[in-house]
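Here the structure is laid out as structure tokens; the discussion comes afterwards.
Numbering (our numbering), first residue to last: 38 to 476.
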């Protein structure tokens, strides 16, 4: 309640929201009296002592069921809110409530499961639980993935698989986009999503608009998996391969830029089944925006640059990591649907510094597009449109902090630093859901 000068200011004199009373005669113990109250009495709309609308029983025998919380010996009628009454008035809720009323043991079981889910929903997979009371049962809302049941690939097999993936048909932009799409579903707020489980190949993720183009790449990765396992007798998960495909593509892009880097890769992901993946449970992870892929669902109420920062936060990224990843992903051509906004390079698929240098180019004047919402046109000195961008690109010039980072990465002596920082940030995103290896 609120601090009050009325009476004692506490106990019976406490000022609350206005709703006054208890739902049951036994408010401090677990039992089924809540549903017993709802179904055993007739209820009418009344006013609380404070004047708030609530519900009370009309039955005479119910008027002194509840012991007063503060005044010894005083007894009151139980109360209900309009939300409580909906549980017996609405036909759908009434059916559920009557089942709980008539089957208290069933109600206790359902309540226990709902309470457990409420308290553990944001803890991620069951492997993160600690203590002796962790239930053995696997629950679909925990986004379960199978345990590793085979020997993991070693350095020689990883090198072989990289070569196979690069020769499988998909381009560097396609491999990078697919790997990013798999890993970028991760949300650090509730530890859900990520590449582990290989759910990018399952419903609903394979059909998400942000993942457009992924369905064409997945068969090539699955063929590499099948051929490798048939030829070597060793096993590798699709989840590991989709990350390794992006890793190999990044390494090739860096080498093509003249700055070879080794991108970290730790095998050990496993593949979930469709039965372990509830589409209704996963639909809430579908991105409405992903500035790293220049994806924005039409009609968004927030600005693209705000949504980019929000996405970076959910991926656990710093401003520096966000900047290096956007700059690298743009020149790698990883945008959803192949859109060209922010692709400030003529060497798509090469890990160059072209994005940063174009953002800082004073010879380009930016204006809002007359034809496309949320798009800007970069006008060259001769009046031609040289590039297109969104606010998720131009914020790296307009924001003082981000511009400072861009100035560093655009420098001639920062070529190797840019490539290495990109590789490190890339690995961080790919491993976000690897709680088995994260420190």
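From the three backbone atoms N, C-alpha and C, an ideal C-beta is built for every residue, glycine too.
Cα-Cα separation, residue i to residue j
{"i": "residue 437", "j": "residue 469", "result": "28 Å"}
{"i": "residue 354", "j": "residue 363", "result": "12 Å"}
{"i": "residue 216", "j": "residue 226", "result": "21 Å"}
{"i": "residue 467", "j": "residue 107", "result": "57 Å"}
{"i": "residue 428", "j": "residue 190", "result": "42 Å"}
{"i": "residue 262", "j": "residue 273", "result": "7 Å"}
{"i": "residue 185", "j": "residue 435", "result": "47 Å"}
{"i": "residue 100", "j": "residue 82", "result": "15 Å"}
{"i": "residue 136", "j": "residue 109", "result": "36 Å"}
{"i": "residue 187", "j": "residue 213", "result": "27 Å"}
{"i": "residue 57", "j": "residue 228", "result": "39 Å"}
{"i": "residue 334", "j": "residue 465", "result": "26 Å"}
{"i": "residue 260", "j": "residue 131", "result": "52 Å"}
{"i": "residue 331", "j": "residue 312", "result": "32 Å"}
{"i": "residue 423", "j": "residue 357", "result": "27 Å"}
{"i": "residue 247", "j": "residue 123", "result": "39 Å"}
{"i": "residue 69", "j": "residue 103", "result": "15 Å"}
{"i": "residue 152", "j": "residue 159", "result": "13 Å"}
{"i": "residue 309", "j": "residue 231", "result": "12 Å"}
{"i": "residue 204", "j": "residue 193", "result": "17 Å"}
{"i": "residue 410", "j": "residue 425", "result": "12 Å"}
{"i": "residue 450", "j": "residue 377", "result": "28 Å"}
Beta-ladder partner(s) of residue i, from DSSP
{"i": "residue 324", "result": "Paired residues: none, contrary to the question."}
{"i": "residue 104", "result": "112"}
{"i": "residue 308", "result": "234"}
{"i": "residue 90", "result": "84"}
{"i": "residue 292", "result": "The partner list for residue 292 (beta bridge, DSSP) is empty, contrary to what the question assumes."}
{"i": "residue 425", "result": "414"}
{"i": "residue 40", "result": "Per DSSP, none; premise fails for residue 40."}
{"i": "residue 117", "result": "92"}
With 16 other Cβ atoms within 10 Å as the buried cut-off, status of residue i
{"i": "residue 289", "result": "buried"}
{"i": "residue 84", "result": "exposed"}
{"i": "residue 143", "result": "exposed"}
{"i": "residue 168", "result": "exposed"}
{"i": "residue 413", "result": "buried"}
{"i": "residue 474", "result": "exposed"}
{"i": "residue 379", "result": "buried"}
{"i": "residue 233", "result": "buried"}
{"i": "residue 441", "result": "exposed"}
{"i": "residue 320", "result": "exposed"}
{"i": "residue 455", "result": "buried"}
{"i": "residue 47", "result": "exposed"}
{"i": "residue 223", "result": "buried"}
{"i": "residue 41", "result": "exposed"}
Beta-carbon separation (whole angstroms), residue i vs residue j, contact threshold 8 Å
{"i": "residue 372", "j": "residue 177", "result": "Going by Cβ atoms, the distance from residue 372 to residue 177 rounds to 33 Å, so no, they are not a contact pair."}
{"i": "residue 300", "j": "residue 460", "result": "5 Å"}
{"i": "residue 416", "j": "residue 404", "result": "6 Å"}
{"i": "residue 92", "j": "residue 118", "result": "7 Å"}
{"i": "residue 443", "j": "residue 382", "result": "In fact, because the Cβ distance is near 15 Å, the residues do not count as touching under 8 Å."}
{"i": "residue 258", "j": "residue 279", "result": "6 Å"}
{"i": "residue 209", "j": "residue 344", "result": "Actually they do not touch by this definition, with Cβ atoms about 26 Å apart."}
{"i": "residue 294", "j": "residue 388", "result": "5 Å"}
Ranges of the alpha helix (DSSP H) found wholly within the segment 142-207, counting only runs of at least 4: 192-203
Sequence ranges, beta strand (DSSP E) only - wholly within the segment 380-417, length at least 3: 402-405 and 413-416
Those runs of the alpha helix (DSSP H) which lie wholly inside the segment 210-274 and span at least 4 residues: 251-269
Uninterrupted alpha helix (DSSP H) stretches inside the segment 316-372 (no shorter than 4 residues): The alpha helix (DSSP H) runs lying completely inside the segment 316-372 and spanning 4 residues or more are 316-319, 341-351 and 356-368, given in chain order.
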